[in-house]
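Chains A and B, in that order, are what the protein sequence lines are. Read in order, the letters of the first sequence correspond to residues 1 to 205 in the UniProt record's numbering. Read in order, the letters of the second sequence correspond to residues 1 to 205 in the UniProt record's numbering. Working notes, structure below.
There are 2 protein chains.
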Amino acid sequence: MPPVRNRRAQHSEATRSALLDAALRRFVEHGYAATTLEDVATDIRATRGAVYHHFAGKSALFEAVFDRVETETFRRVVERGAQAGTPWDAMLAGIEVFLDRCCEPEYARIVWQEAPVALGWHRLRNLEERYAYSVVAETVRALTELGELPEHPVEPVSRIMFNVFGTAGMALAETPDADRGRVRDEYAGVIRHLLTSVRVRRERS
Amino acid sequence: MPPVRNRRAQHSEATRSALLDAALRRFVEHGYAATTLEDVATDIRATRGAVYHHFAGKSALFEAVFDRVETETFRRVVERGAQAGTPWDAMLAGIEVFLDRCCEPEYARIVWQEAPVALGWHRLRNLEERYAYSVVAETVRALTELGELPEHPVEPVSRIMFNVFGTAGMALAETPDADRGRVRDEYAGVIRHLLTSVRVRRERS
DNA sequence: CACGAAACATACGCTGTGTATGTGAATGCA
DNA sequence: TGCATTCACATACACAGCGTATGTTTCGTG
């Protein structure tokens, strides 16, 4: 089928969105390396010209997809966290939301499996600074200040916690649908145990 | 300078080794994506033909480099662990060796930064099964059986621990030489604290 | 109703991988 | 000792896929 010729100015935003949808699907199903811009374009009956009109290049397209997925996740986590009573409970609630999100293939694959390949380690690190990591770091900072976490430099603690969550994300990304619920709960259990263990037990005065 | 023509059968192994050396240096200094097989070949005054004679392709070359680096690390960790009295102390000692190894740029860059890009997530996971992860998993299994670690499924606990170590590796990979000692000790402290916290405290009977 | 300008499509070049083929030196063998 | 074979590469070629430069259609605007 030949490309459609009568795309109008008003459809611009729709085209961009359709490209993001198509790219997301391709990246999730076949991975970053195996998807061509040609593929993405023809999926919406357009050409690579359309892609390069809306995005600076292949990795920029991935970044846009990544941004969409991460922003949505970030939103959900913060939303739920705000409903909790204490910072500690906010964190626990946020983890549950996060783990649920990791059960959706699009999140797990894009963020934890493909992103390192597509963006390279440094770029990814810079991006995460704006999304998930910033939330974790802020939480750790607050909890340390409240005395609920032991006195350690915030940076390594945050990095470690961030990657602990990431471990669950990566694991769930490759778990078959049938087992995903069980594995999710296993990780939830281990993480809760871990956090409880490191939580500072204050003496009742 | 033109390629050398008089390479003899006896030099074959030397050529292979030289290619690995050159590749390692290139991958560490410029990253996987930015290094060409042409670069690697000319570094030892050969052509890409030599590379394709010894290795199946670019990613296979990286795998060989990866194997070299990981095997050496594995060896050191196990060696030191064997000297410890108890399994728990063996683990702690192994962690110290591992963190020292992470301070060497070649290890941190190859294993923690470039490997995901070069091999993709799945391939890397399969490889790690044979190296670092297997050691961690075996340790966790043993410690759980001894009752030193709480009763959790071995798989998620091992994955999480593995990635906690990985966090330190990644962090050290991008830490400037001047700060590396300090950061190393920060991570060592946090990890020790973490492990001590989750260790099962048994009642003295 | 010319006249941009947005929103693409088409055409091209270039880099780097992989592969197929060529070549000289050593080695086995009659 | 001559010749064939094989190893260890070098050379040459094909091709995929990214990026870029340029063309074309449609619509808003004066």
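Glycine included, C-beta positions come from ideal geometry on N, C-alpha and C. Keep in mind it's a predicted model, so treat the numbers as computed, not measured.
Three-state secondary structure (DSSP) of A/Glu63: In the first sequence, residue 63 of chain A corresponds to position 63, counting from 1. Three-state result, A/Glu63: helix.
CA-to-CA distance, A/Val65 to B/Glu106, given in whole angstroms: Locating residue 106 of chain B in the second sequence gives position 106, counting from the first residue. Locating residue 65 of chain A in the first sequence gives position 65, counting from the first residue. The alpha-carbon separation between B/Glu106 and A/Val65 amounts to approximately 32 Å.
The segment 67-82 of chain A touching the segment 26-39 of chain A, judged by at least three CB pairs closer than 8 Å: no
Classification of A/Arg101 by the beta-carbon crowding that lies within 10 angstroms, buried from 16 upward: Taking the first residue of the first sequence as position 1, residue 101 of chain A is located at position 101. Looking at its Cβ environment, which holds 16 or more other Cβ atoms inside 10 Å, A/Arg101 is buried.
Between the CA atoms of A/Arg109 and B/His122 - distance to the nearest angstrom: Looking up residue 122 of chain B in the second sequence gives position 122. Looking up residue 109 of chain A in the first sequence gives position 109. About 11 Å.
Segment contact flag, the segment 12-23 of chain A with the segment 42-52 of chain A, C-beta cutoff 8 Å, min 3 pairs: yes
For residue 221 of chain B, the nearest candidate out of B/His53, B/Thr175 and B/Ser158 (CA to CA): Within the shown structure, residues of chain B are numbered from 1 to 205, placing residue 221 of chain B beyond reach of any answer.
Stretch pair the segment 124-143 of chain A + the segment 127-143 of chain B: three plus CB contacts closer than 8 Å: no
Within chain B, the residues that A/Gly181 reaches when beta carbons sit closer than 7 Å: Translated into positions along the first sequence, residue 181 of chain A becomes position 181. Chain B residues near A/Gly181: none, gap ~14 Å exceeds 7 Å.
Proximity test, Cβ basis, 7 Å: A/Trp88 and chain B: As a working note, residue 88 of chain A is residue 88 in the first sequence. No, its Cβ sits nowhere closer than 7 Å to a Cβ of chain B.
Reduced DSSP category for residue 206 of chain A - H, G, I as helix; E, B as strand; rest coil: As shown, chain A starts at 1 and ends at 205. That puts residue 206 of chain A outside it, with no answer to give.
Nearest-angstrom beta carbon gap, A/Gly57 and A/Arg80 [assumed within contact, 8 Å]: For the purposes of this step, residue 80 of chain A is identified with residue 80 of the first sequence, where counting begins at 1. For the purposes of this step, residue 57 of chain A is identified with residue 57 of the first sequence, where counting begins at 1. The Cβ separation is near 35 Å, so there is no contact.
Inter-residue spacing [alpha-carbon to alpha-carbon] between A/Val51 and A/Leu37: Looking up residue 51 of chain A in the first sequence gives position 51. Looking up residue 37 of chain A in the first sequence gives position 37. About 7 Å.
When B/Ser17, B/Leu92, B/Gly120 and B/Ala168 are compared against B/Arg68, the one with the closest alpha-carbon: As a working note, residue 68 of chain B is residue 68 in the second sequence. Nearest option by C-alpha distance: B/Ser17.
Validate contact between the segment 155-166 of chain A and the segment 173-193 of chain B using beta carbons, cut 8 Å, 3 pairs: yes
Cβ pair B/Ala60, B/Trp112 closer than 7 Å: Walking along the second sequence from the start, residue 60 of chain B turns up at place 60. Walking along the second sequence from the start, residue 112 of chain B turns up at place 112. For B/Ala60 and B/Trp112, no; Cβs fall outside 7 Å.
Opening and closing residue of the alpha helix (DSSP H) in which A/Arg123 lies: For the purposes of this step, residue 123 of chain A is identified with residue 123 of the first sequence, where counting begins at 1. That run of the alpha helix (DSSP H) goes Ala115 to Glu128.
Contacts around B/Leu19, its chain only, beta-carbon distance under 8 Å, and the 5 residues preceding and following it disregarded: For the purposes of this step, residue 19 of chain B is taken as residue 19 along the second sequence, with counting starting at 1. Within the same chain, B/Leu19 has close Cβ partners Val40, Ala41, Ile44, Ala46, Ala50, Val51, His54, Phe55 and Leu61.
DSSP three-state assignment for B/Ile110, whether helix, strand or coil: Within the second sequence, residue 110 of chain B is the residue found at index 110, counting from 1. The answer is helix: DSSP assigns B/Ile110 an H, G or I state.
Whether B/Thr139 touches B/Met91 by CB criterion (7 Å): The residue given as residue 139 of chain B occupies position 139 in the second sequence. The residue given as residue 91 of chain B occupies position 91 in the second sequence. Yes, the pair counts as a contact, with Cβ atoms nearer than the cut-off.
Secondary structure of A/Phe55, DSSP reduced to three states: The residue given as residue 55 of chain A occupies position 55 in the first sequence. Coil at A/Phe55, not helix or strand.
Neighbour flag for B/Val164 against chain A, beta carbons, 7 Å: Position 164 of the second sequence holds residue 164 of chain B. Yes, contact with chain A.
Continuous alpha helix (DSSP H) stretch holding A/Arg201: start and end: Position 201 of the first sequence holds residue 201 of chain A. Segment: none, A/Arg201 is in no alpha helix (DSSP H) and carries neither H nor E.
Contact check, A/Pro150 vs A/Val97, beta carbons under 7 Å: Locating residue 150 of chain A in the first sequence gives position 150, where the first residue counts as 1. Locating residue 97 of chain A in the first sequence gives position 97, where the first residue counts as 1. Inclusion of A/Pro150 and A/Val97 in the CB contact set at 7 Å is not warranted, their separation being larger than that value.
Proximity to A/Phe27 [Cα-Cα], best of A/Ala82, A/Glu114, A/Thr86 and A/Val198: On the first sequence, position 27 is the one that residue 27 of chain A refers to. Answer by Cα proximity: A/Glu114.
Unbroken alpha helix (DSSP H) run spanning A/Arg45, endpoints: For the purposes of this step, residue 45 of chain A is identified with residue 45 of the first sequence, where counting begins at 1. For A/Arg45, there is no enclosing alpha helix (DSSP H), since its DSSP letter is neither H nor E.
is_contact[A/Ala178, chain B] using C-beta, thresh 7 Å: The residue you call residue 178 of chain A lines up with position 178 of the first sequence. Under the Cβ distance rule, A/Ala178 does not count among the residues neighbouring chain B, no pair being separated by less than 7 Å.
For B/Val198 and A/Ser134, believed in contact at Cβ under 8 Å, the rounded distance: Position 134 of the first sequence holds residue 134 of chain A. Position 198 of the second sequence holds residue 198 of chain B. Not a contact, Cβ separation roughly 27 Å.
Between the CA atoms of B/Gly166 and B/Pro153 - distance to the nearest angstrom: Within the second sequence, numbered from 1, the residue matching residue 153 of chain B stands at position 153. Within the second sequence, numbered from 1, the residue matching residue 166 of chain B stands at position 166. In a straight line, the C-alpha of B/Pro153 is about 20 Å away from that of B/Gly166.
Cross-chain neighbours of B/His193 in chain A, by beta carbon under 8 Å: Position 193 of the second sequence, counting from 1, holds the residue named residue 193 of chain B. In chain order: Pro150, His152 and Val198.
Through-space distance from A/Thr15 to B/Asp89, alpha-carbon basis: Mapped onto the second sequence, residue 89 of chain B falls at position 89. Mapped onto the first sequence, residue 15 of chain A falls at position 15. If you take the alpha carbons of B/Asp89 and A/Thr15, they lie about 59 Å apart.
Test: A/Arg201 CB closer than 7 Å to a CB of chain B: Residue 201 of chain A sits at position 201 when you count from the first residue of the first sequence. No, A/Arg201 does not count as interfacial toward chain B.
A/Ala178 classed as buried or exposed, judged by whether at least 16 other C-beta atoms fall within 10 angstroms: Reading the first sequence from its first residue, position 178 is the one you call residue 178 of chain A. With fewer than 16 other Cβ atoms within 10 Å, it is exposed.
C-beta contact flag for A/Ala142 and A/Pro87 at 7 Å: Translated into the one-based positions of the first sequence, residue 142 of chain A becomes position 142. Translated into the one-based positions of the first sequence, residue 87 of chain A becomes position 87. Cβ distance < 7 Å, so A/Ala142 and A/Pro87 count as in contact.
Contact residues within the segment 100-116 of chain B, judged by C-beta distance below 7 Å to chain A: If the cut-off is 7 Å between Cβ atoms, the segment 100-116 of chain B has Gln113 and Pro116 near chain A.
Per-residue DSSP class, three states only, for A/Pro87: Here residue 87 of chain A corresponds to residue number 87 of the first sequence, with the count starting at 1. The answer is helix: DSSP assigns A/Pro87 an H, G or I state.
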